[in-house]
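Residue numbering for the sequence shown is 1 to 125, as defined by UniProt numbering. Note that the Cβ used here is the ideal one computed from N, Cα and C, for glycine as well. Read through the structure below, which is laid out as structure tokens, and then see the notes.
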Amino acid sequence: MVSMPLGPPQSHNPPPPDDHHHQSSSVVDPSFSSDPKLPPLRHHPISQDKEMSPAVVQGNDQVTGHIISTTIGGKNGESKRTISYMAERVVGTGSFGIVFQAKCLETGETVAIKKVLQDRRYKNR
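As structure tokens, then:
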């Protein structure tokens, strides 16, 4: 009896040699975006430690008009600041949440915000 592999045929050729494989860190170009319709990515000065408040609905449809606020600062003697964003449209959805295009109400900067679903199944991830 002969067994046959399931699924698409797989190539048994090894990957091409990588001249930079000996380096332990990788450099990612922050201006690279895989979607040509989106502007280049930029680093934002907001720290990763932030408190998020729930969205406030101020519109008729499910996305436009949502206000998303975050509180930043409060470390090393800095005072806390609240920055607000207005959701403009849904960029994408996935099993963990929704990504919105939003605009900062203070600076006018366009950003992407991921709203992670609060589901018990994903609590420890």
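In the DSSP assignment, what residue or residues form a beta bridge with Val91?
By 1-based counting over the sequence shown, the position of residue 91 is 91. Among the bridge pairs identified by DSSP, Val91 is matched with none.
If you check the beta carbons only, do Val111 and Val99 fall under 8 Å apart?
Along the sequence shown, one-based indexing puts residue 111 at 111. Along the sequence shown, one-based indexing puts residue 99 at 99. With respect to the 8 Å criterion, Val111 and Val99 are not classified as neighbours on the basis of their beta carbons.
If we ignore side chains and look at the alpha-carbon of each, how far apart do Glu109 and Ser95 end up?
Looking up residue 109 in the sequence shown gives position 109. Looking up residue 95 in the sequence shown gives position 95. In this structure, the straight-line span from the alpha carbon of Glu109 to that of Ser95 is close to 27 Å.
Measuring alpha carbon to alpha carbon, tell me which residue in Leu117, Ser69, Thr93 and Gly74 is nearest Met86.
Translated into positions along the sequence shown, residue 86 becomes position 86. From the listed residues Leu117, Ser69, Thr93 and Gly74, the smallest Cα separation to Met86 is found for Ser69.
Straight-line gap, Gln118 to Asn76 (C-alpha atoms, nearest Å)
Sequence index remark: in the sequence shown, residue 118 carries index 118 (1-based). Sequence index remark: in the sequence shown, residue 76 carries index 76 (1-based). Cα to Cα, Gln118 sits roughly 31 Å from Asn76.
With the cut-off set at 8 Å, would you say Ser84 and Leu105 are in Cβ contact?
Position 84 of the sequence shown, counted from the start, is the residue given in the question as residue 84. Position 105 of the sequence shown, counted from the start, is the residue given in the question as residue 105. Yes, the Cβ-Cβ distance between Ser84 and Leu105 is below 8 Å.
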